[in-house]
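As they're listed, the protein sequences go chains V and E. For what it's worth, my numbering labels the leading residue of the first sequence as 15, then goes sequentially. For what it's worth, my numbering labels the leading residue of the second sequence as 15, then goes sequentially.
2 protein chains.
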Amino acid sequence: MIAARSRNALYFQSGGVTAVINATAGGVIDAARSLAKAGAPIGTVLAARNGFSGVLKEELIDTASLSDEAVLRLRQLPGGAFGASRRLLPPYDERPDQWDRVAAVLRAHDIGHVLVNGGNGSMETARLFVELGRRYGLDITAVGLPKTVDNDLLDTDVSPGFGSAAKYLATSMREASLDLAAMSGGARATKVFILEVMGRHAGWMALSTALAQDAPGAAPHLILLPEVPFDEARVAAAVEATIARGGYCAITVAEGLSGPDGKPLAVERDSTTYGHEQLGGVGPWLADRLQARLGVKCHCAVADYLQRSARHLASRVDLEQAWAVGAAGLEWSLSGTTGVMVAIRRLADAPYRWDLVPAALEGLADRERKVPADFLTADGLHASPAGRRYLAPLIAGEAYPPFSHDGLPDYRWDCPPVRAPRLPPFAL
Amino acid sequence: MIAARSRNALYFQSGGVTAVINATAGGVIDAARSLAKAGAPIGTVLAARNGFSGVLKEELIDTASLSDEAVLRLRQLPGGAFGASRRLLPPYDERPDQWDRVAAVLRAHDIGHVLVNGGNGSMETARLFVELGRRYGLDITAVGLPKTVDNDLLDTDVSPGFGSAAKYLATSMREASLDLAAMSGGARATKVFILEVMGRHAGWMALSTALAQDAPGAAPHLILLPEVPFDEARVAAAVEATIARGGYCAITVAEGLSGPDGKPLAVERDSTTYGHEQLGGVGPWLADRLQARLGVKCHCAVADYLQRSARHLASRVDLEQAWAVGAAGLEWSLSGTTGVMVAIRRLADAPYRWDLVPAALEGLADRERKVPADFLTADGLHASPAGRRYLAPLIAGEAYPPFSHDGLPDYRWDCPPVRAPRLPPFAL
Chain V
15 MIAARSRNAL YFQSGGVTAV INATAGGVID AARSLAKAGA PIGTVLAARN GFSGVLKEEL
75 IDTASLSDEA VLRLRQLPGG AFGASRRLLP PYDERPDQWD RVAAVLRAHD IGHVLVNGGN
135 GSMETARLFV ELGRRYGLDI TAVGLPKTVD NDLLDTDVSP GFGSAAKYLA TSMREASLDL
195 AAMSGGARAT KVFILEVMGR HAGWMALSTA LAQDAPGAAP HLILLPEVPF DEARVAAAVE
255 ATIARGGYCA ITVAEGLSGP DGKPLAVERD STTYGHEQLG GVGPWLADRL QARLGVKCHC
315 AVADYLQRSA RHLASRVDLE QAWAVGAAGL EWSLSGTTGV MVAIRRLADA PYRWDLVPAA
375 LEGLADRERK VPADFLTADG LHASPAGRRY LAPLIAGEAY PPFSHDGLPD YRWDCPPVRA
435 PRLPPFAL
Chain E
15 MIAARSRNAL YFQSGGVTAV INATAGGVID AARSLAKAGA PIGTVLAARN GFSGVLKEEL
75 IDTASLSDEA VLRLRQLPGG AFGASRRLLP PYDERPDQWD RVAAVLRAHD IGHVLVNGGN
135 GSMETARLFV ELGRRYGLDI TAVGLPKTVD NDLLDTDVSP GFGSAAKYLA TSMREASLDL
195 AAMSGGARAT KVFILEVMGR HAGWMALSTA LAQDAPGAAP HLILLPEVPF DEARVAAAVE
255 ATIARGGYCA ITVAEGLSGP DGKPLAVERD STTYGHEQLG GVGPWLADRL QARLGVKCHC
315 AVADYLQRSA RHLASRVDLE QAWAVGAAGL EWSLSGTTGV MVAIRRLADA PYRWDLVPAA
375 LEGLADRERK VPADFLTADG LHASPAGRRY LAPLIAGEAY PPFSHDGLPD YRWDCPPVRA
435 PRLPPFAL
């Protein structure tokens, strides 16, 4: 038997980063090393610098120079260790030049496996790599590794990154509402706390704060999701009733909260020229509305990047899943699997059991998983028992990063340099 | 020798709460129990419900019903366990009726010691208690226990609460800037991250994020304090230069950032009717200005209550100091000390050594400790080595709260009911 020729794997991080996306990178690299040691035909893992941009620019980081310890440290590092970007591979007809370039890069670096770590749009890019391989006669496999704090990827129980954001947000809501509770006595005191969280079209992160509620009537009292059209009079009445009942009201609002016309209520900075509109500002907007309408003093926090980078409060379940999808992606690629995303399948709620199964990449980009109606209470303003049952296991367990003697998490990590290019430059 | 008659202690939490203010309560109660066991003439600790309001309303919580374990759990509980308020004791001439009432409450509950846990304004209330004792012929001691995330109390090295807020903010800045770094590649990517923190007149919390900077050129790149008048052209130039140098720019801005005229740049919701103006919104405001001026995409987080309630990331040094000032306050009171605040004195920077000394309550309310010029770099946009030397020890050590199996910090704590009143009601 002639041993198969060892070929390299390409890995890149695509779209917004998370507190645990680097654990997926670690899973990929660690699996490649273990398999190579066992004699499998796998070379080095090349990580593209700044996501797909680095593929086009042939900026590839050879992870072979990383010590095993440095690979393990990827587990505890928030942000994107190799950089990320929102750039995706366009369809062939739009940019044949980019397809030519990608094929050349894959050939020049003897890449046999492509692992795309991202969300909906990135899964389409992974799918196009399969097409690219076919079109250019390249013998490659392409596998998607799910990642998104938004949790809007279909066909997987959860997307790595979400559980840690959820744990951070639920903890923050619980803590801030204890502050609010202490300060809300007296007519002139702050009565409303609003936590604005990410979620353009899907309210998973907002919904996750429901887990902070440890008793009936505890915070959060209202959760406002993009899936439920905002009805100001109804929400104001609910806020007023909550204050009358318990003295204060804690609200979670998703950045993408929309009116009955389906349009987001607040667009902080219109940057349609950047492709995405940058949402934000719905928290302060809501505070103003409630203050004007009810005459109550409101406080508002905007979590922004904090919610997707808070590695100091990562969910252990999320961290394990992030690592596992990376390792499985590399293993499956090596065994010839292609055109799939590594999906997490739930086997049981409590105790939570899960395994990994392939899900077709086809069509993932076109469909967004929104919060289903049965995960919400009848009024659409809180999580139902089914919703809580879904969410609960995803934030279980702690996984603190090491703290230095200076009292801060130690996130030092030296990214290796990019490989010397083998092709002429390519203008983006 | 005739044993002195045991008298009760009154404790209340005043002003905004912190992640560790309840540790001070725990220190008070624990010291009272230990001393009582050793035969000292101390009765029970009565905690006023909702701060000074509870004194006027005769809403006093007898902490005798708390188990020793429940007292220890105060160490790990954010918010204000007994409630807090911003209400203070006015001068006698303004409200003689309130002075009469307070004297009646002290007499009715045989209170011999008053412990006021708060910031500048609360220290003045503590001082007025001394005057009240004199005026009404009551044999009481009154001691102030420092507390403020703002760290603007004079005559103490630091105020409990600040160190934990600082640790949370520096960690958050470090984490969010790793996110920013990963996402900032490409012309259209986000280049600026702004973290808005509390600090109306003093920039200590903003300054504390300097500790996130673990190498020259690392985030945060700019720190904008109330003490340094905002010069938009100069800041915009610094942002541009930072982006040109390293690709992105992370900025901390204090809510009270002011223009050359000394007026805050952003007043989110004008609520002067509530006494304080509620500041906020300077982060989004700055993002808009930079976006308009430099054409760069900006993200902005507003920490709000999260920064003063994040017990999950408390500083161990801060927690120990919070407990210690409570215990010392009770001990000193019992030995007859009155009219002082329990101040923390720094004996050495590294390793940090400190002890507790009395500081006169007189005049504390009128003076605010601002960030001194020598704690800033020459351009006023970052911490100097002296500033870092001051800040560094205050965030040292972790002190995680227990997490339940549900993945969230366990902050359950049952507040005992208020004592049956002994006086007729008093209308506030």
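We treat Cβ as the ideally placed atom computed from N, Cα and C, and that holds for glycine.
Boundaries of the beta strand (DSSP E) in which residue i is found, first to last residue
{"i": "G158(V)", "result": "T155 to P160"}
{"i": "M212(V)", "result": "It is not in any beta strand (DSSP E) - M212(V) carries neither H nor E in the DSSP assignment."}
{"i": "F26(V)", "result": "R21 to S28"}
{"i": "L444(V)", "result": "Nothing in the structure corresponds to residue 444(V), since chain V is present only between 15 and 442."}
{"i": "A280(V)", "result": "From DSSP, A280(V) is part of no beta strand (DSSP E); its letter is neither H nor E."}
{"i": "C263(V)", "result": "C263 to A268"}
{"i": "L9(E)", "result": "Any question about residue 9(E) goes unanswered here, given that chain E covers just 15 to 442."}
{"i": "L238(V)", "result": "L236 to L238"}
Minimum Cβ-Cβ distance from residue i to chain E less than 8 Å
{"i": "H127(V)", "result": "no"}
{"i": "S186(V)", "result": "yes"}
{"i": "M355(V)", "result": "no"}
{"i": "H326(V)", "result": "yes"}
{"i": "Y25(V)", "result": "no"}
{"i": "S173(V)", "result": "no"}
{"i": "D166(V)", "result": "no"}
{"i": "R433(V)", "result": "no"}
{"i": "N64(V)", "result": "yes"}
Exposure of residue i, with buried meaning 16 or more beta-carbon neighbours within 10 Å
{"i": "L437(V)", "result": "exposed"}
{"i": "L74(E)", "result": "buried"}
{"i": "A441(V)", "result": "exposed"}
{"i": "H419(V)", "result": "exposed"}
{"i": "S349(E)", "result": "exposed"}
{"i": "L24(E)", "result": "buried"}
{"i": "P240(E)", "result": "buried"}
{"i": "G343(E)", "result": "buried"}
{"i": "K277(V)", "result": "exposed"}
{"i": "G231(V)", "result": "exposed"}
{"i": "A39(E)", "result": "buried"}
{"i": "A413(V)", "result": "buried"}
{"i": "A324(E)", "result": "buried"}
{"i": "A301(V)", "result": "buried"}
Host alpha helix (DSSP H) of residue i (start-end)
{"i": "G147(E)", "result": "N134 to R149"}
{"i": "Y319(V)", "result": "First-last for Y319(V): undefined, no H or E at that position."}
{"i": "Y182(E)", "result": "F176 to M197"}
{"i": "R307(E)", "result": "V296 to L308"}
{"i": "N36(E)", "result": "I35 to K51"}
{"i": "R259(V)", "result": "E246 to G260"}
{"i": "L221(V)", "result": "W218 to S222"}
Interface residues of chain A facing residue i [CB-CB closer than 8 Å]
{"i": "N131(E)", "result": "Absent from the structure: chain A. Protein chains present are V and E."}
Test: residue i CB closer than 8 Å to a CB of chain V
{"i": "P11(E)", "result": "Coverage of chain E is limited to positions 15 through 442, which leaves residue 11(E) absent and any answer about it impossible."}
{"i": "M219(E)", "result": "no"}
{"i": "D388(E)", "result": "no"}
{"i": "L86(E)", "result": "no"}
{"i": "V316(E)", "result": "yes"}
{"i": "R101(E)", "result": "yes"}
{"i": "V163(E)", "result": "no"}
{"i": "E189(E)", "result": "yes"}
Residue i Cβ short of 7 Å to the ligand ATP heavy atom set
{"i": "L333(V)", "result": "The ligand ATP is absent from the structure shown, which contains no ligand whatsoever."}
Any chance the segment 197-205 of chain V sits against the segment 163-179 of chain V, with 3 or more Cβ pairs inside 8 Å?
no
Using 8 Å as the Cβ pair cut-off and three pairs as the minimum, do the segment 178-188 of chain E and the segment 133-150 of chain E touch? no
Report task. Could I get the ranges of all uninterrupted alpha helix (DSSP H) runs contained in the segment 55-118 of chain V, with 4 residues as the minimum, in chain order? Result -> 66-70 and 82-87
Mind pulling the alpha helix (DSSP H) runs of 4 or more residues that sit fully within the segment 330-409 of chain E? 330-348 and 399-405
* To do: Please confirm if the segment 24-33 of chain V is in contact with the segment 90-105 of chain V, defined as three or more CB-CB distances below 8 Å between the two stretches.
  => A contact is defined here as three or more CB-CB pairs under 8 Å, and the segment 24-33 of chain V meets this definition with respect to the segment 90-105 of chain V.
- Query: Should the segment 114-125 of chain E be called in touch with the segment 343-358 of chain E, which here means at least 3 C-beta pairs below 8 Å?
  - Reply: no
If you pair each beta-carbon of the segment 353-360 of chain E with each one of the segment 371-388 of chain E, do three or more pairs fall below 8 Å? yes
Under 8 Å: do the segment 224-241 of chain E and the segment 98-114 of chain V share three or more Cβ pairs, one atom per stretch?
Contact fails: fewer than three Cβ-Cβ distances are below 8 Å.
- Query: Are three or more beta carbon pairs between the segment 416-431 of chain V and the segment 58-73 of chain E nearer than 8 Å?
  - Reply: no
Open item on the list: With three or more C-beta pairs closer than 8 Å as the rule, is the segment 215-228 of chain E touching the segment 182-193 of chain E?
Closed with: yes
Per the contact definition of three or more C-beta pairs closer than 8 Å, is the segment 210-221 of chain E in contact with the segment 251-263 of chain E? The segment 251-263 of chain E and the segment 210-221 of chain E do not touch, with fewer than 3 CB-CB distances between them shorter than 8 Å.
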